[in-house]
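Enquirer: Once you've had a glance at the structure underneath, I'll fire off some questions.
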Amino acid sequence: MVALRETHKASFDFDKWSEALVLPEHDKELLHKAHLFVMSKIGQKNQELSARHSHLSAEIVSILMSLNMDLESLEVAFLYPAFEDNLLNKEEVEENFGPGVAKLLMAVKDMEAIRFLQNLSQGKTSSDAKVDRVRRMLLAMVDDVRAVVIKLAERIAVIREAKHASEKVRMLIAREVSNIYAPLANRLGIGQLKWELEDLAFRFLHPQTYMQIAKDLGERRVVREQYIANFVAELKALLEKEGIKAEVYGRPKHIYSIWRKMQKKHLEFSELYDIRAVRVVVETMPECYAALGVIHTKWQHLAKEFDDYIANPKPNGYQSIHTVVYGAGGKAIEVQIRTQAMHQMAELGVAAHWKYKEGAGQVSGAEQRINFLRKLLAWRDDMVESGALLEEFRKQVFEDRVYVFTPQGEVIDLPTGSTPLDFAYHVHTMVGHRCIGAKVNGRIVPYTYKLKTGEQVEIITQKEPNPSRDWINADNGFLKTAKARSKVQAWFRKVDYERNFVEGSETVEKEVARHRLGINKDQLASLLKEKLSRFNVKTVDDVFAGVGAGDISINQVISYLQERLGKNEVQEKEPDIKSLVSSNTKNTQQLLQKRHSKSGIVVDGVGNMMTHIAKCCQPIPGDKIIGFITQGRGISIHRQDCPQAKNLMKTNPERVVNAQWGSATSQDGYTATLRVTAPDYPGLLRDVTTVIANEKLNVLGVRSRIDRMKDLSIIDVDLMLAGASSLSRVVEKLKAMPKVKSVKRL
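Pasting the structure below:
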């Protein structure tokens, strides 16, 4: 950032200066404390530096007081010049002035990132670090608007003193103000600062043009001012006659705005309509239009110069009615009409709303932040002298990122293309893991929805974490950021490890018992620990997890144990039919249930919603289904013929939603349970499982019982299926068995 480094020769008398301040004595004492604190850091030896800091701080304070800023802002104004010069640190500021002042001071410090924008306009290169600094600056600005106002006030104080600087420094300051700060003040609607920034920068950048316009304005100033005074007096009388209470006064025309209009409309100074200007300030909006009627009735107006910014406010929030009329002698005069509230907004802009953090005003803090952010993002379009480098930098800062809000109004900065799941994982890893849905601006959206700047995002969570493996695949569109995907991958590495550990330890223990090795769990762990290197792992748990994952063969483990125990291999028994079925049926079913929650189901026309398959009826693709909104677990999917679903439709119809299978069904399969009824005979169970195996279906569990009254065997088989077609085939094959009485799906 360009700062003024010329010295002040006059010393600074705080007591004399503070006498003119309209502040409570307590506030003056706190400002005096800040002044003395800075002076103690500079020391008595450097009187010139001390005077420069004091005069600059006092100037910033005066500007902020004209904007009705709070005491914390004034304290920061006294501390900032020394803080900028690294004479103070955050810790000592926090210790002496409190965390609020320290945080605001750091936010103003973050504004220094603006210099990267100015450097780029001069052809210098950027870096990722600089991009991050500007993003951080934007977030700081949105978090506390006072930081922006303080920085703008500091730049005005600096450019006011630039006349004492060298021409090189003066031009650098003016160019930065013209390119960056004046457009920022304009976008934020702070007219009181905008005009001065523009005029002072213009004076240094185009001195001859500035002086010519000033000369043209001065040449008939007395005549012009008398003309305006006569017009004001006549208009006041007309408004009073109509019962409209109003302030009416002539307003100064700013040299930069005159020059801009001359350039835009290709006019000479003598051809301008609004060298003579009057402002009318009334109490209410209807009075604005009533006053307009009075003016247009009395004087002929120029239609092409009429603008109603009350009905159509400018992007920065500015509201007024602008009209040009022909006064006495046919001379054009511009009239602005606005309410007192509109006038306050036009002069102070966002500075009039800095109290939003305290909940003041009719607009919520979150909405204020959203509006403020939109103004900041529009500011990029106002920066002049851009060049290719600055355009690319703008793209990185503004277009390659989205800035969205939490329900509390906190700004979250994400890459363009990010989804609600990216947002959830950015907020907290467990918020992402527990996510079952998302709302954007109060509307439910799918996980693949692409967030846009200014949107408010709310994540719906359940009690238990339940991410999906589908989220990891970038092609599915659930997650944009690699960081979020890595969090999901880490979750499944942990989950897979735990599942593999359980299945592996059960397998090892079962095989140890089957081979009659005669050791308990503690002895098993001790023996494995002796030779971890044999299995290329670090812990005993890793051995079990490796067996569960298939990375370590169970035969390797048993062979090692037999060697270590000095036992010969025992002849294997023919496995029982039930050993062909996973002994961990419950865990497997739970895993599948989680997989089902990510199946391709469309709920009320919206895909990628958090759903889970109801255990009572276990629908599979091809079944007619409905959804039921649960409390905290997303949407439960039932078959339409499910008795429980029918009951839900009667008792809670408002929670029932339409659902159908989407095109992107799960690749992991679906579970279904078949009940086979047949006379009991030796080998029945084997015959049933053989038919299923021939269909290449996985058996997850088998339960059998004997109905002694009917002398029938009832076998329930849990299967993993690809869909309804594979289920139909196996049902037909089972029904074709000679002794089978019935086959039905549970």
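726 is the number that full-length UniProt numbering gives to position 726 of the sequence shown; each next residue is one higher, with no gaps.
In this text, a Cβ means the ideal position worked out from N, Cα and C, and glycines have one as well.
All figures in this text were calculated on a predicted structure; none of them were measured in a lab.
1) What is the residue span of the alpha helix (DSSP H) that residue 204 lies within?
2) Give me the Cα-Cα distance between residue 647 and residue 541, rounded to the nearest whole angstrom.
3) Can you give me the Cβ contacts of residue 34 inside the same chain, cut-off strictly under 6 Å, excluding the 5 residues immediately before and after it?
4) With distances taken between CB atoms, is the gap from residue 625 to residue 637 smaller than 7 Å?
5) Going by CA-CA distance only, name the one from 489, 314 and 697 that's closest to residue 749.
6) According to DSSP, is residue 326 helix, strand or coil?
7) Select from 495, 449, 455 and 441 the residue whose C-alpha is nearest the C-alpha of residue 433.
8) Taking the Cβ atom as the reference point for each residue, do residue 291 and residue 255 lie within a distance shorter than 7 Å?
9) Taking the beta strand (DSSP E) that residue 628 falls in, what are its first and last residues?
10) I believe residue 181 touches residue 160 by the beta-carbon criterion, under 8 Å. Please report the beta-carbon distance rounded to the nearest angstrom.
11) Cα-Cα, which of 278, 534 and 145 is closest to residue 295?
12) According to DSSP, is residue 99 helix, strand or coil?
13) What residues match up with residue 333 in a beta bridge as DSSP calls it?
14) Quick check: the segment 642-659 against the segment 700-713, are there 3 or more CB pairs under 8 Å?
15) In the DSSP assignment, find the unbroken beta strand (DSSP E) run with residue 41 in it and report its ends.
16) Out of 242, 48, 90 and 96, which one is the CA nearest neighbour of residue 31?
17) When DSSP builds the beta bridges, which residues end up paired with residue 249?
18) Counting beta carbon pairs with one atom in the segment 498-509 and one in the segment 457-474, are three or more of them shorter than 8 Å?
19) On a CA-only basis, which of 66, 676 and 339 is nearest residue 318? Give me that one, please.
20) So what's residue 13 in DSSP terms, helix, strand or just coil?
21) Check whether the Cβ atoms of residue 43 and residue 72 lie closer than 7 Å to each other.
22) Taking Cβ to Cβ, would you say residue 202 is nearer than 7 Å to residue 170?
23) Which residue comes first and which comes last in the alpha helix (DSSP H) that contains residue 760?
24) Please work out which residues of its chain come closer than 7 Å, Cβ to Cβ, to residue 326, disregarding the five sequence neighbours upstream and downstream, and give them in chain order.
25) Counting along the chain, where does the beta strand (DSSP E) carrying residue 448 start and finish?
26) According to DSSP, is residue 758 part of a helix, a strand, or is it coil?
27) How many Å lie between residue 200 and residue 439 at the Cα?
28) Just to confirm, are residue 192 and residue 347 a CB contact at a threshold of 7 Å?
29) Is residue 634 closer than 7 Å to residue 436 when the C-beta atoms are compared?
30) Identify whether residue 405 lies in helix, strand or coil by the three-state DSSP scheme.
31) Among the candidates 730, 23 and 476, whose CA atom is the shortest distance from the CA of residue 449?
32) Under a Cβ-count criterion, where at least 16 other Cβ atoms within 10 Å of its own Cβ denotes burial, should residue 539 be classed as buried or exposed?
33) Is the separation between the beta-carbon of residue 744 and that of residue 675 shorter than 7 Å?
34) Could you check the C-alpha separation between residue 452 and residue 145 for me, to the nearest Å?
35) For the beta strand (DSSP E) that residue 720 lies in, which residues bound it at each end?
36) For the beta strand (DSSP E) containing residue 435, name the first residue and the last one.
Expert: The relevant details are as follows:
1) For the purposes of this step, residue 204 is identified with residue 204 of the sequence shown, where counting begins at 1. 191-205 is the extent of the alpha helix (DSSP H) around residue 204.
2) For the purposes of this step, residue 647 is identified with residue 647 of the sequence shown, where counting begins at 1. For the purposes of this step, residue 541 is identified with residue 541 of the sequence shown, where counting begins at 1. Rounded to whole angstroms, residue 647 to residue 541 spans 47 Å at the Cα level.
3) Sequence index remark: in the sequence shown, residue 34 carries index 34 (1-based). Here the set comprises 75, 78 and 79.
4) In the sequence shown, counting from the first residue as 1, residue 625 sits at position 625. In the sequence shown, counting from the first residue as 1, residue 637 sits at position 637. In contact: residue 625 and residue 637 (Cβ atoms closer than 7 Å).
5) In this structure the chain extends from 1 to 746, so residue 749 is not present and cannot be described.
6) As a working note, residue 326 is residue 326 in the sequence shown. Looking at residue 326 - three-state DSSP - the assignment turns out to be strand.
7) Position 433 of the sequence shown, counting from 1, holds the residue named residue 433. Taking only the C-alpha atoms, the option nearest residue 433 is 495.
8) Start at 1 with the first residue of the sequence shown, and residue 291 comes out as number 291. Start at 1 with the first residue of the sequence shown, and residue 255 comes out as number 255. No, these two residues do not count as a Cβ contact at 7 Å.
9) Walking along the sequence shown from the start, residue 628 turns up at place 628. It spans 625-629 - the beta strand (DSSP E) in which residue 628 sits, taken as one unbroken run.
10) Reading the sequence shown from its first residue, position 181 is the one you call residue 181. Reading the sequence shown from its first residue, position 160 is the one you call residue 160. Not really, about 13 Å apart at Cβ, beyond 8 Å.
11) Reading the sequence shown from its first residue, position 295 is the one you call residue 295. Nearest option by C-alpha distance: 278.
12) The count along the sequence shown starts at 1 and reaches residue 99 at position 99. Of the three classes helix, strand and coil, the one that applies to residue 99 here is helix, per DSSP.
13) Along the sequence shown, read from residue 1 onward, the residue named residue 333 stands at position 333. Answer is 325, bridged to residue 333.
14) no
15) Counted from its first residue, the sequence shown places residue 41 at position 41. Where residue 41 is concerned, there is no enclosing beta strand (DSSP E), although the alpha helix (DSSP H) it sits in stretches over 25-42.
16) By one-based count along the sequence shown, residue 31 stands at place 31. Nearest Cα to residue 31 within the set 242, 48, 90 and 96: 96.
17) Position 249 of the sequence shown, counted from the first residue, corresponds to residue 249. DSSP, once it has assigned bridges, lists 279 as partnering residue 249.
18) no
19) As a first step, residue 318 must be located in the sequence shown, where it is residue number 318. Ranking 66, 676 and 339 by Cα distance to residue 318 puts 339 first.
20) If you number the sequence shown from 1, residue 13 lands on position 13. Residue state, collapsed to three classes: coil.
21) As a first step, residue 43 is located in the sequence shown; it is residue number 43 there, counting from the start. As a first step, residue 72 is located in the sequence shown; it is residue number 72 there, counting from the start. Not a contact, by the Cβ cut-off of 7 Å.
22) Walking along the sequence shown from the start, residue 202 turns up at place 202. Walking along the sequence shown from the start, residue 170 turns up at place 170. No, they are not a contact pair.
23) With the chain covering 1 to 746 only, the question about residue 760 has no answer from this structure.
24) Here the question's residue 326 lines up with position 326 in the sequence shown. Once the five neighbours on either side are set aside, the close Cβ partners of residue 326 are 299, 300 and 332.
25) Residue numbering aside, residue 448 sits at position 448 when the sequence shown is read from its first letter. Here residue 448 belongs to no beta strand (DSSP E), and DSSP marks it neither H nor E.
26) A query on residue 758 cannot be resolved here, the shown segment of the chain reaching from 1 to 746 and no further.
27) As a position in the sequence shown, residue 200 is number 200, starting the count at 1. As a position in the sequence shown, residue 439 is number 439, starting the count at 1. Each residue's Cα considered, the two are about 47 Å apart.
28) Along the sequence shown, read from residue 1 onward, the residue named residue 192 stands at position 192. Along the sequence shown, read from residue 1 onward, the residue named residue 347 stands at position 347. Going by C-beta atoms, residue 192 is nearer than 7 Å to residue 347.
29) Counting from one through the sequence shown, the residue named residue 436 turns up at place 436. Counting from one through the sequence shown, the residue named residue 634 turns up at place 634. Going by C-beta atoms, residue 436 is nearer than 7 Å to residue 634.
30) Position 405 of the sequence shown, counted from the start, is the residue given in the question as residue 405. Note: residue 405 maps to strand in three-state DSSP.
31) Walking along the sequence shown from the start, residue 449 turns up at place 449. When only C-alpha atoms are compared, the closest one is 476.
32) As a first step, residue 539 must be located in the sequence shown, where it is residue number 539. When all chains shown are included, residue 539 counts as exposed.
33) Locating residue 744 in the sequence shown gives position 744, counting from the first residue. Locating residue 675 in the sequence shown gives position 675, counting from the first residue. Taking 7 Å as the Cβ cut-off, residue 744 and residue 675 qualify as a contacting pair.
34) Taking the sequence shown and counting its residues from 1, the one referred to as residue 452 is at position 452. Taking the sequence shown and counting its residues from 1, the one referred to as residue 145 is at position 145. Cα-Cα distance, rounded: 22 Å.
35) To locate residue 720, count along the sequence shown from 1; it is residue 720. That run of the beta strand (DSSP E) goes 712-721.
36) Walking along the sequence shown from the start, residue 435 turns up at place 435. Counting along the chain, the beta strand (DSSP E) containing residue 435 begins and ends at 435-440.
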